[in-house]
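Below is one structure; the comments refer to it alone.
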Amino acid sequence: MSSYTIYDAPKSARIDRLIDHIYGNMPQIEADRGVLLTESYRATEGEPMITRRSKAFYHILENIPITIRPEELVVGSTTVLPRSAQVFPEYSYDWLEDEFETIATRAADPFYISDETKAKLREAYKYWKGRTSSELATSYMSAEALRSIEHNIFTPGNYFYNGVGHVSVQYDKVLKIGYSGIRAEAQQALAALRITDSDYVTRRHFLEAVIRTCDAAVLYARRYAELAAAEANACTDATRRRELMQIAENCRRVPENGASTFWEACQSFWFVQMLIQTESSGHSVSPGRFDQYMYPYYKADLDAGRLTPEFAQELIDCVWIKLNDMCKVRDAASAAGFAGYSMFQNLIVGGQNQDGEDVTNDLSFMCLQASMHTLLPAPSLSIRVWNGTPHELLIKAGELTRTGIGLPAYYNDEVIIPALVSRGLTLQDARNYCMIGCVEPQCPGKTEGWHDAAFFNMCRIIELVFHNGMDEGEMVGIATGDVTKMTSFQQVFDAYQKQTDYQVELMVNADNAIDVAHAERCPLPFLSSMIYDCIGRGKPTQSGGAKYNFTGPQGFGVANMADGLYAIRELVFNRKEYTLADFKEAMDYNFGVGTVAPADVERVTAEIVKGLVAGGQTIGESDIAQIASIVHSHVLEPAKRDKFMRLRESIQSLPKFGNDIADVDALAREVAYTYTRSVEGYTNPRGGIYQAGLYPVSANVPLGAQTGATPDGRLAYTPVADGVSPVAGCDVSGPTAAANSVSKLDHHIASNGTLYNMKFHPSALAGRSGLENFAALIRTYFEKKGSHMQFNVVSRETLLDAQAHPEKYKSLVVRVAGYSALFTTLSRALQDDIINRTEQKGWRD
Amino acid sequence: MEQSIRMVQGRIADIQRFSIHDGPGIRTIVFLKGCPFRCRWCCNPEMQEFGIQTMTVEGKTKTIGRDVSVSEVMQEVLKDRAYYRRSGGGMTLSGGECLAQPDFASALLETAHEEGLNTAIESTGFADFAVIEQKILPHLDHFLMDIKHMDPAKHKAYIGHTNERVLENAKKIAEKANRLVIRVPTVPGFNDTPAEITAIAEFAATLPGVEELHLLPYHRLGQDKYSWLGREYTLADIQPPENEHMQQLLLAAQRSGLRCQIGG
């Protein structure tokens, strides 16, 4: 049962200095991994892929530059410069080469890249043409799937171009027996093989690869031990010298062996975390239940008098900073979707053990305290909540929420555990769940969850319905009939379902193609050494080595489609005030917004030309003709324009999802099912099933920018609603009403995660009573079977000021969508989206 | 009997969920229309008149006031029952002045009690005490009562009525109510000197059973409504009090021995 002491230990002076250091430079791209990987690949041509991967891993760890940052207590950095990124050409590379000249100045997540690095990478990239997993995946996809991707109906971009990540490994095992122990297990399995086994060859190569990567990890830690010892010798400050000597000692012992102290456990944990992200570029490598697996080491030290709670807190704070000292470079489009340099390293505290007892402990509180001390985006801190959660833990979490950094996210055991059981997990494994990345639950150490398999834009589907499967002159969907001839709401809804089902099929085709490409080209022996039951099954996670296998693609736009279909049902079929043809035409003309009256064509053309000339451009006759033709394409009779605007006003005056209105909420539930049920029943190449999620990360902004006007009155190219949240600004009845609406969706079936963002004005959480009410709000939403909740607590004024004066708000962290990011690093459009989310005040009039 | 109180009709201006500054826990406020006072800083001027009226908001006409039954109100209030249970919250009547519709207020409070909800009113106490005693107090858990000024002349100048009845009722309510909290809207130029606040606090401290006093800093959130109603906002040139000044007033109030706080 839970037992704990709350220390609220103060912040050590070291912490701010470490933070200043890692935020002292612009993130940079480093070439070392890419170059070493390529060297190794060139030297191992013709060998089995799993062997080549392990040799490349070894070669990288043997040679990659290492560094100890000033005053660190926990060491190990994937890059020489803080918050910088290595590259992973085995997945894809051409986008980076294309962006060499623009990546330092792009809007989302810029990186500096030196000419020297560019030259080294250009040389390395020569090898990769035709050898990447993304090229193989493309060749495996059906033409129809590729076309839908091109038309942005869904985007499997995440794993298409990068490693998979999205995993929580057996940290507990490494802490306990070290890589020497895992190596011994692999050795034993190897010895047990019989040369007559049908899969002898693949098993042998896999196990040998595991052993090699274990050796590589040990070798890497020893390099750090030597570096620390050398720095200790050269150090004149006695205190720091002692620290460095202890660091050297720690790195000699772990992760080769089991940890014997809490400090060693922190060091061992960190090596696991950073090395996984050296083997693959997959993000969302999630520490999971840190408070649970670290606790025995903390407790033993505390009982033996070797450790004070204050020093334990300092070590945890140091680990938190290391989690922020790692970056990934993504292509410009993905960077916009995952904005904020985030690695989505989700770490969760509290909750039940496998026997259903609450296991909140000292460390659960200390993890919350570490985020209060560092106020940084990583880790993506989460908290498990159930009836047995100590009230004090929720209050402490509320205090952290009140700081406005968007952490922690709150998860409901009472929904997630049964949801996982419904997907085939044992009750024990389900009770032990942790969170991956944004909001995706899994049983740690036993799962290859492929949790972020694709984004599925539910708004694009309605466009296909309205155009009988056509998009921009191409047949992308299927023919569901001329929408203007449909005579009942059910017909419209059925067409929506059919278009969804077809696109889901294509998405499954695309995801499975990528899945196979990863298995063939990028198996991960090191990662697999820490996932049950890869050693037993003799194969990597990419080939089905894990006990549990899933593929989880996310739908988003539920709220827009609920409001939009409600508008159609109400205005066309119930009130008969408009026709489907009216809707179609109005949406095609973006409800009249941005159109030009026929009489104004000449004037508008002349104005554009004048503007261009004033801007220093030379404009010829043919240019003018071209501009005129573009203007012509926006021509609309004023009478029609007025009619479209009237329609939009009628739509806007209808009830909306998010206000606790039974009728609309019931339709929203059905709309969510069109996607979540459609995904059920498909299988992946690893022997697992598909499960839907309902969340967009921050892709609701860039993917909204590729989406035309929708029947909820949303204008073309504007953001789509995020997660299961109501459309921004439409939930006007306060947080309880909004939460009630959202809770009416079926969160169990979206077992890959749902995401509900709520924004609060700080006054709502003021004082102890503010925290009590906040805790009550969460408990009640969870009682109503909502699954996740997260909060932005920052005033609108603050955000507007931060937009105007980014230099004053370098450290302003906001919750974006399942993760926290530095506000000033987000694109303008995403900033606007965050500002425009309805602020839920505690009303006071 | 039960049927009949749920059918009592009254006039409301609005229902607001998730109110967390007007009584304990998460609450729903029902704003009743009509008020005998005309406080110049009032942030709900559209609720002062009993008559149904219109307001022009950004070119659109909005009707303020609708006649509803207790049962219709309760339907909305009960949507958040689960939140009240978790937070110890409930229903608060405000306005306007809920005592101006005593039968309706009484029926709402009684029904809320029947439903097991905690009840509060936010009121000036400006009514016949017999009405308060018989119709309101039996169904009330928290009386949040405004006392705005101790000087009758100034009270009249800013509010339209002198304060004798308010002060007299405060004494009687204190004796009979379950729990009485005194609230002071702190308005620059009206009552924001330490002396004025001290006078109110000292009076409040003499009331039996009163333990708490809340200073509610003046805010301008209602200012736009005056122009929407085509009315003049006569306090246009005053600024919300600085935080520092509020702290001073808080210190002054605390000398009375009451538990004092800024905000509800």
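Chains as they are written, first to last, in the working numbering: chain A, 1 to 845; chain B, 1001 to 1264.
No residue lacks a Cβ here, since even glycine has one placed at the ideal position from N, Cα and C.
- Judged by their CB atoms, A:E310 and A:A9 are nearer to each other than the 8 Å cut-off.
- When the five nearest sequence neighbours on each side are left out, the beta carbons in the same chain lying within less than 6 Å of the beta carbon of B:M1055 are those of E1046, K1062, I1064, W1228, L1229, in order along the chain.
- Distance from the Cα of A:N590 is smallest, within the candidate group A:N574, A:I627, A:H634, A:V793, for A:H634.
- Between A:P27 and A:R69, the C-beta gap is not smaller than 8 Å, which leaves the two residues out of contact.
- Every alpha helix (DSSP H) stretch that sits fully inside the stretch 1083 to 1169 of chain B and reaches 4 residues is listed by chain position as 1102 to 1114, 1152 to 1159.
- A:H788 is bridged by DSSP to A:Y411.
- The beta carbon of B:K1062 sits no closer than 8 Å to any beta carbon of chain A.
- Per the C-alpha coordinates, the member of A:L190, A:T674, A:A721 positioned closest to A:Y695 is A:A721.
- Contact between the stretch 382 to 390 of chain A and the stretch 24 to 38 of chain A is absent, with fewer than three C-beta pairs closer than 8 Å.
- Taking 8 Å as the threshold, the shortest C-beta distance from B:I1026 to chain A falls below it.
- DSSP places A:D515 in the helix class (H, G or I) of the three-state scheme.
- Residues P89, Y93, E97 of the same chain have their beta carbon placed closer than 7 Å to that of A:Y125, with the five preceding and five following residues left out of the count.
- Within 10 angstroms of the beta-carbon of B:E1196 lie 16 or more other beta-carbons, which makes it buried.
- Scanning the stretch 316 to 376 of chain A from its first residue to its last, the whole alpha helix (DSSP H) runs of 4-plus residues come out as 332 to 337, 362 to 374.
- In this structure B:P1241 is buried. Its beta-carbon is surrounded by 16 or more other beta-carbon atoms within 10 angstroms.
- With respect to chain B, the C-beta atom of A:T401 has no partner C-beta closer than 8 Å.
- In the structure shown, A:R17 adopts helical secondary structure according to DSSP, grouped into three states.
- When Cβ-Cβ separations below 8 Å define contact, A:G734 makes contact with chain B.
- Collapsing the DSSP output to three states places A:L636 in coil.
- The Cβ atoms of A:A510 and A:M141 lie closer than 8 Å to each other.
- In the structure shown, A:C459 adopts helical secondary structure according to DSSP, grouped into three states.
- For A:N757, not one C-beta of chain B is nearer than 8 Å to its own C-beta.
- The beta carbons of B:I1005 and B:V1070 sit closer together than 8 Å.
- Judged by beta-carbon spacing, A:D452 lies within the 8 Å limit of A:H166, meaning their Cβ atoms are closer than that value.
- Boundaries of the alpha helix (DSSP H) harbouring A:S743: 735 to 743, taken from the DSSP string.
- The continuous alpha helix (DSSP H) containing A:F774 extends over residues 767 to 783.
- Within 10 angstroms of the beta-carbon of A:L347 lie 16 or more other beta-carbons, which makes it buried.
- The beta carbon of B:F1018 falls within 8 Å of a beta carbon belonging to chain A, placing the residue at that interface.
- The alpha-carbon of B:M1091 is positioned some 32 Å away from that of A:I405.
- For A:L777, the chain B residues whose Cβ falls inside 9 Å of its Cβ are F1018, I1026, Y1083, R1086, S1087, in order along the chain.
- Remark: three or more beta-carbon pairs, one from each stretch, lie closer than 8 Å, so the stretch 1119 to 1134 of chain B and the stretch 1091 to 1106 of chain B are flagged as touching.
- The Cβ atoms of A:L826 and A:A339 sit closer than 8 Å to each other.
- Distance between A:E185 and A:I535, taken at the CA atoms: about 8 Å.
- Close partners of B:D1080 in chain A (Cβ separation under 7 Å): T736.
- For B:H1214, the enclosing beta strand (DSSP E) stretches over residues 1212 to 1217.
- Non-local beta-carbon contacts of A:Y41 in its own chain, meaning distances under 7 Å to residues more than five positions away in sequence, involve R52, A56, Y127 in chain order.
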